[in-house]
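Student:
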Ligand SMILES: *Cc1c(COP(=O)(O)O)cnc(C)c1O
Ligand SMILES: [Zn+2]
């Protein structure tokens, strides 16, 4: 009999005992974690969940660990904020923002996936973990491995933002830049996992890692008062998050915590690296890899997304759509969210807002329904593209008259959205 945490091939159904593996030996399909939903349905209630500590682990029956987490026990339960000022500005009735730019401890939703993956690595008796990363995963693995006293090897493309680089190095991880794209880095990490047997969180621990993203969706449903929204707009890199939010809503319905209602999932990528968006907009689920990504949204710049096929299927089957804003639209999206809601997101969040504006304009998202924007990373980590857009502040003398002169003569007019 399969136990919680065992693996099952998504394509052919072959079962495997829980282990650090990720592809089916028969058909090369991806492996997924198995749960005993019937039993969970009997035991898990809204009241039981609501009585637990405000972290992602309040849904532990639907997360793939055998015991309590050994890493990241406080991760999750970021606020879901009603975005009234942004909603009014756009003429939208019910708009929400999920705020993982404020995630503990490393300021992106990657804290969720890494807590699961490193806790699982511990359950497997592994001492060394690692990852291939576009930045936020590097920050999360370095931070959470440090908190567990574990050794980490982290590989990144050598041209990442300084905030992501220093925000990894500070934790004392073995950080290596690779002269190549994320896809080159990822291939190398798969080979490293094979040779050294380390727990590479997004390679051989991927089935467990990916389950951590479901907590983002569980929280949205609980925080909306045990219901799902009409629309979700999610940024996409490898394409896992958007599929796991969809899975989280299906699972909540399956175990009787919410009613099953249609939700349209929409995907967002920067236009210089948008292989999943391109597929969705063409009505395809076949992904054409992008060889040389060129976008300021580096955290999303994966040319050959591992879950691209499932992401585009999830979106197309839900009646959602996808959009790829330009670099200028990404910066405008960051500024609009900051000025209307006081939320400072990184470039990936600018992609989400920029894509949302396009989808509103195209009529793919209506103004009457409820929409959740997924904000997944922190603005202080990607300051570079803002430097060109926001001039440095004026420097005044120390006298009151200096200030008054500036206020009356030189202060530029500010337009408020
Ligand atoms: C990794 C990442 C994503 C997308 O994650 P996938 O599951 O790979 O699609 C979204 N936003 C940010 C900020 C990320 O770092
Ligand atoms: Zn298979």
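Residue numbers (the numbering used here): 4 to 420.
All C-beta atoms in this analysis are idealised placements derived from N, C-alpha and C, irrespective of residue type, glycine included.
Spell out the partners DSSP gives residue 11 in its beta bridges.
Tutor: The residue you call residue 11 lines up with position 8 of the chain shown. Residue 11 has 18, 35 as its beta-bridge partners, per DSSP.
Student: Apply the 10 Å Cβ neighbour rule to residue 125 and answer buried if 16 or more other Cβ atoms are within range, or exposed otherwise.
Tutor: As a position in the chain shown, residue 125 is number 122, starting the count at 1. The residue is buried, with at least 16 neighbouring Cβ atoms inside 10 Å.
Student: Pick from 178, 199, 203, 176: whose alpha carbon is nearest that of residue 189?
Tutor: Counting from 1 along the chain shown, the entry for residue 189 is found at position 186. Answer by Cα proximity: 203.
Student: What residue does the alpha helix (DSSP H) around residue 360 start on, and which one ends it?
Tutor: Numbered from its first residue, the chain shown carries residue 360 at position 357. Note, residue 360: alpha helix (DSSP H), 350-364.
Student: Need the endpoints of the beta strand (DSSP E) that residue 372 sits in, please.
Tutor: As a working mapping, residue 372 is identified with position 369 in the chain shown. For residue 372, there is no enclosing beta strand (DSSP E), as DSSP gives it neither H nor E.
Student: Is the beta carbon of residue 272 closer than 8 angstroms to that of residue 354?
Tutor: Sequence index remark: in the chain shown, residue 354 carries index 351 (1-based). Sequence index remark: in the chain shown, residue 272 carries index 269 (1-based). Yes; because the gap between Cβ atoms is below 8 angstroms, this pair is in contact.
Student: To the nearest angstrom, how far is it from the Cα of residue 155 to the Cα of residue 311?
Tutor: Counted from its first residue, the chain shown places residue 155 at position 152. Counted from its first residue, the chain shown places residue 311 at position 308. Cα to Cα, the separation comes out at about 27 angstroms.
Student: When we look at the beta-carbon of residue 218 and count the other beta-carbons within 10 Å, is it buried (16 or more) or exposed?
Tutor: In the chain shown, the residue the question calls residue 218 occupies position 215. Residue 218 comes out buried.
Student: Do residue 288 and residue 315 count as a contact pair if the criterion is CB distance below 8 angstroms?
Tutor: Along the chain shown, one-based indexing puts residue 315 at 312. Along the chain shown, one-based indexing puts residue 288 at 285. Yes. Within cutoff.
Student: Near ligand 2, which residues have their beta-carbon less than 6 angstroms from any of its heavy atoms, given in chain order?
Tutor: 12, 14, 15, 17, 27, 29, 30, 32
Student: With DSSP as the reference, please indicate the residues paired to residue 377 in a beta bridge.
Tutor: Taking the first residue of the chain shown as position 1, residue 377 is located at position 374. Note: residue 377 sits in a beta bridge opposite 101.
Student: Determine the DSSP secondary structure at residue 311, reduced to helix, strand or coil.
Tutor: Locating residue 311 in the chain shown gives position 308, counting from the first residue. Helix.
Student: So the candidates are 391, 389, 406; which of them puts its Cα closest to the Cα of residue 397?
Tutor: Taking the first residue of the chain shown as 1, we reach residue 397 at position 394. That would be 406, whose Cα lies nearest to the Cα of residue 397.
Student: Examine ligand 1 and report whether any of its heavy atoms sits within less than 7 angstroms of the Cβ of residue 429.
Tutor: No answer is possible for residue 429: the residues shown for the chain start at 4 and end at 420.
Student: From this set, 327, 348, 251, which residue's C-alpha is nearest residue 317's C-alpha?
Tutor: In the chain shown, the residue the question calls residue 317 occupies position 314. Taking only the C-alpha atoms, the option nearest residue 317 is 251.
Student: Which residues in the same chain have their Cβ closer than 7 angstroms to the Cβ of residue 409, if we skip the five residues on either side of it in sequence?
Tutor: The sequence position of residue 409 within the chain shown is 406, counting from 1. Excluding sequence neighbours, residue 409 sits near 397, 399.
Student: Verify whether the separation of the beta carbon atoms of residue 294 and residue 208 is less than 8 angstroms.
Tutor: Along the chain shown, one-based indexing puts residue 294 at 291. Along the chain shown, one-based indexing puts residue 208 at 205. For residue 294 and residue 208, no; Cβs fall outside 8 angstroms.
Student: So what does DSSP say about residue 321, is it helix, strand or coil?
Tutor: Residue numbering aside, residue 321 sits at position 318 when the chain shown is read from its first letter. In this structure, residue 321 counts as helix in the three-state DSSP scheme.
Student: Within 10 angstroms of the Cβ of residue 247, are there 16 or more other Cβ atoms? Answer buried if so, exposed if not.
Tutor: Stepping through the chain shown from its first residue, residue 247 is reached at position 244. Buried, by the Cβ-count rule.
Student: For residue 105, tell me which candidate among 150, 262, 121, 80 has the shortest Cα-Cα distance.
Tutor: As a first step, residue 105 must be located in the chain shown, where it is residue number 102. Of the residues 150, 262, 121, 80, the one whose Cα lies closest to the Cα of residue 105 is 80.
Student: Ligand 1 and residue 178: does the residue's C-beta get closer than 7 angstroms to at least one heavy atom of that ligand?
Tutor: On the chain shown, position 175 is the one that residue 178 refers to. Answer for residue 178: no, Cβ out of range of ligand 1.
Student: Does ligand 1 have a heavy atom nearer than 7 angstroms to the CB of residue 81?
Tutor: The residue labelled residue 81 in the question sits at position 78 within the chain shown. Checking the Cβ of residue 81 against ligand 1 gives no.
Student: What would DSSP say about residue 135, mapped onto helix, strand or coil?
Tutor: Here residue 135 corresponds to residue number 132 of the chain shown, with the count starting at 1. The answer is strand: DSSP assigns residue 135 an E or B state.
Student: So, for residue 458: in the same chain, excluding its five sequence neighbours on each side, which residues have a beta-carbon less than 8 angstroms away from its beta-carbon?
Tutor: An answer regarding residue 458 cannot be provided, because it is not within the stretch 4 to 420 covered by the chain.
Student: In three-state DSSP terms, what is residue 406?
Tutor: The residue you call residue 406 lines up with position 403 of the chain shown. Three-state result, residue 406: helix.
Student: Grouping DSSP H, G and I as helix and E and B as strand, with all else coil, what is residue 236?
Tutor: Taking the chain shown and counting its residues from 1, one reaches residue 236 at position 233. Strand.
Student: Using a Cβ-Cβ cutoff of less than 7 angstroms, which residues in the same chain neighbour residue 92 once the five nearest sequence positions on both sides are dropped?
Tutor: Stepping through the chain shown from its first residue, residue 92 is reached at position 89. Excluding sequence neighbours, residue 92 sits near 343, 420.
Student: Closest to residue 308 by C-alpha separation, out of 132, 100, 137, 319, would be which residue?
Tutor: Residue 308 sits at position 305 when you count from the first residue of the chain shown. Selected option, being the one with the closest Cα: 137.
Student: Can you tell me whether residue 180 is helix, strand or coil according to DSSP?
Tutor: On the chain shown, residue 180 is found 177 positions in, with the first residue counted as 1. Three-state DSSP puts residue 180 in a strand.
Student: So residue 68 and residue 227 are supposed to be a Cβ contact under 8 angstroms. How far apart are they, rounded?
Tutor: As a working mapping, residue 68 is identified with position 65 in the chain shown. As a working mapping, residue 227 is identified with position 224 in the chain shown. That belief does not hold up - the Cβ atoms of residue 68 and residue 227 are roughly 26 angstroms apart, past 8 angstroms.
Student: Rounding to the nearest angstrom, what Cα-Cα distance links residue 337 and residue 358 in this structure?
Tutor: For this step, residue 337 is matched to residue 334 along the chain shown. For this step, residue 358 is matched to residue 355 along the chain shown. The alpha-carbon atoms of residue 337 and residue 358 are separated by roughly 12 angstroms.
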